[in-house]
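In what follows, a single structure is set out as structure tokens and then discussed.
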Amino acid sequence: MSVPTAPEPAPALDPPARPPRSVVVVGAGLAGAQTVAALRAHGFDGRITLLGAEGVPPYDRPPLSKELLTRPAPVWLRDDLGVDVEKLADDVRLADPATRLESRPDGAEVTTASGARLVADAVVLAVGSEPVRPAGWESAAVLHTADDADRLRAALRERPGLRLVVVGAGWIGAEIAGVAAGAGADATVVEAAASPLTRQLGAEVGAHLSGWYDAAGVRLRTGVPVAAVRPAGVELASGEELPADLVLAAVGARPASRWLAGSLPLDARGAVLTDADGAVPGRPRVWAVGDVASRAHPVFGTVPGGHWSAALHDPDATARSVLGVGPGQAHAPYVFSQQLGHDLALLGLPATDGAAHGPVVWRGTPGDGPWAALYLDPGQASGAPVDGVATVRAVLLVDSPRDVGGVRRLMNRGEPLRLDLGRATDPAVRLKDAVAG
854 MSVPTAPEPA PALDPPARPP RSVVVVGAGL AGAQTVAALR AHGFDGRITL
904 LGAEGVPPYD RPPLSKELLT RPAPVWLRDD LGVDVEKLAD DVRLADPATR
954 LESRPDGAEV TTASGARLVA DAVVLAVGSE PVRPAGWESA AVLHTADDAD
1004 RLRAALRERP GLRLVVVGAG WIGAEIAGVA AGAGADATVV EAAASPLTRQ
1054 LGAEVGAHLS GWYDAAGVRL RTGVPVAAVR PAGVELASGE ELPADLVLAA
1104 VGARPASRWL AGSLPLDARG AVLTDADGAV PGRPRVWAVG DVASRAHPVF
1154 GTVPGGHWSA ALHDPDATAR SVLGVGPGQA HAPYVFSQQL GHDLALLGLP
1204 ATDGAAHGPV VWRGTPGDGP WAALYLDPGQ ASGAPVDGVA TVRAVLLVDS
1254 PRDVGGVRRL MNRGEPLRLD LGRATDPAVR LKDAVAG
């Protein structure tokens, strides 16, 4: 992965009443490291303190599942992106997470697990997310940290033919099941919805992914909720028992914000609502970025965290806001996945604020080479003919990695993407040539 181009200097906005001379960045993942780098790139020469929780330098999380067995060591950001927080920050505490945030008239105070009380002119929350593990599922493994990956990797290598039951056919569940089956594990995926990735992509699109599991040597059980998880396996709501040597819970993630309850208003997911630059309304010295933020977007409305692109790109706009320089570019949500022998890239947001997504039209034929799903604006009448001009909220590319860059550029223009559907649904026509004038 290449280092993002250093941002061009921007015209100054009205400066804050007192420009910050100290910033505490809470979270030492991709979003936190990128925030530290962006502050320095925009000329901040004050004191930066970085707080982490895992006790290791920042690393990239996607390879933990996608390359579980081929990359036994974390992808350190100092090597991958050239972001060395030990050199950029003045005080790096990688094993001293924040436990309390208190607003002050002149800034904010962060208390850490060690009892340290850090007062700063500005605080940036980049604490990421944590895996969901329902009550009673304590015996289930999860995959979120480098330590989690080490344990899962060891289990797969030390026990040939390991019986693995993955609960959840989302991004992580599909990626791990494919990797495990490829390593000789006896892998089963259990999904409560009717098809894989229903919550993320919708049932109509998810149904076209079901056949991938069998082709990769993975059993897929859909429409079957899990009643209980035990060390020896899983009990389905039907009463059926699925024996397992290892159960992996892959049923989603939530912002790692429990410690912020009472300090900041949180939404139903536990996310911090922010403006387009990450500033927290009513808290003039607090910002949030990455998985923990639900960020306002000029095209997509409120965009929940959890998108890799948010952790990579949004810190630039946040750093600009902290320092009072011109706004940065708003990037469209972007999720990529390598699962069961296929590449997927979702660009944009199929729906917002929990609403159902609009109609889907196809570019190419699912199951017959590369294809794409175009998610139309919910205002588009369902069942309308595939012609005319429509607003496209999201594009799912399947096995089309060379098209990702072009679609990202279309989505990042800062205005709704309007396509001539007659041309956009023709795989022989480049999507950029289907943009309506």
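Take the sequence shown: its letters are residues 854 to 1290, numbered as in the numbering used here. Beta carbons are placed, not taken as given, at the ideal position from N, Cα and C, and that holds for glycine. Predicted model only: the values in this text are computed from it and were never measured.
Between A1198 and N1265, the alpha-carbon positions lie close to 15 Å from each other.
Nearest to A1002 by C-alpha distance, out of V976, L921, S967, L1054, is L921. In the DSSP assignment, D1221 falls outside any alpha helix (DSSP H) and lies within the beta strand (DSSP E) extending over 1221 to 1229.
With the rule of 3 Cβ pairs closer than 8 Å, the region 1085 to 1102 does not count as touching the region 1121 to 1139. Fewer than three pairs of CB atoms, one per stretch, sit closer than 8 Å, so the region 988 to 998 makes no contact with the region 1053 to 1073. Ranked by Cα distance from V1082, the first of T1244, S875, A1090 is A1090. Straight across, the Cα-Cα distance linking W1112 with G1220 is about 45 Å.
In this structure, the straight-line span from the alpha carbon of A906 to that of S1110 is close to 13 Å.
By the neighbour-count criterion, in which a residue is buried when 16 or more other Cβ atoms sit within 10 angstroms of its Cβ, A1034 is buried. Less than 8 Å divides the Cβ of L883 from the Cβ of L930. Non-local C-beta neighbours of G1181 in its own chain, meaning closer than 6 Å and more than five positions away in sequence, comprise D1169, A1170, R1173, ordered along the chain.
Around R1016, the same chain offers D1039, P1096, A1097, D1098 as residues with beta carbons nearer than 7 Å, after the five sequence neighbours per side are excluded. For D943 against R874, the beta-carbon gap comes to about 11 Å, at or over 8 Å, which does not count as contact.
Judged by DSSP secondary structure, W1215 falls within the beta strand (DSSP E) whose first and last residues are 1213 to 1218. Residue pairing for G1259: DSSP places it in no beta bridge. Take P1078, set aside five residues on each side of it, and the residues of its chain with a beta-carbon closer than 8 Å to its own are A1045, L1089, A1090, in chain order.
For R893, the enclosing alpha helix (DSSP H) begins and ends at 883 to 894.
Contact annotation: Y1187 and L1200 have beta-carbon atoms nearer than 8 Å. Check the Cα spacing between V985 and each of L1101, T923, G885, Y912: the tightest is with L1101. Taking the Cβ atoms as the reference, L903 lies roughly 5 Å from V938, within the contact range of under 8 Å. When rounded, the separation of the alpha-carbon atoms in V876 and G899 is 8 Å.
The residues H1184, P1186, Y1187, in chain order, have a CB closer than 7 Å to that of S1162 in the same chain once the five nearest residues on each side in sequence are set aside.
Shown here for S1253: same chain residues with a beta carbon closer than 6 Å to its own, the five before and five after excluded, namely P1223 in chain order. Sequence-distant partners of R924 (beyond 5 residues in either direction) whose C-beta falls short of 6 Å from its own C-beta, in its chain, are P916. When the Cα atoms are used, R957 and S1116 turn out to be separated by approximately 12 Å. In the DSSP annotation of this structure, the continuous segment of the alpha helix (DSSP H) that includes T1051 starts and ends at 1051 to 1054. Remark: C-beta atoms of S918 and P1108 do not approach each other more closely than 8 Å.
In this structure, A1289 keeps its C-beta atom at 8 Å or more from the C-beta atom of V1245.
The Cβ-Cβ distance between D1144 and G1123 does not fall below 8 Å. According to DSSP, residue pairing for V976 in a beta bridge involves V877, V1139.
At the C-beta level, V1104 and H1195 stay beyond 8 Å of one another. Relative to D1067, the option among G1076, D949, V1042, A1085 whose CA is nearest is V1042. If only complete runs of 3 or more residues are kept, the region 1095 to 1182 shows the beta strand (DSSP E) at 1099 to 1102, 1106 to 1108, 1125 to 1127, 1139 to 1141, 1146 to 1150, 1154 to 1156, in order along the chain. Annotation: V1125 to D913 spans about 22 Å, alpha carbon to alpha carbon. For V928, the CB contacts under 6 Å within the same chain, skipping 5 residues up- and downstream, are Y912, D913, P916 in chain order. One thing to note: Q1053 has its Cβ no nearer than 8 Å to the Cβ of G1092.
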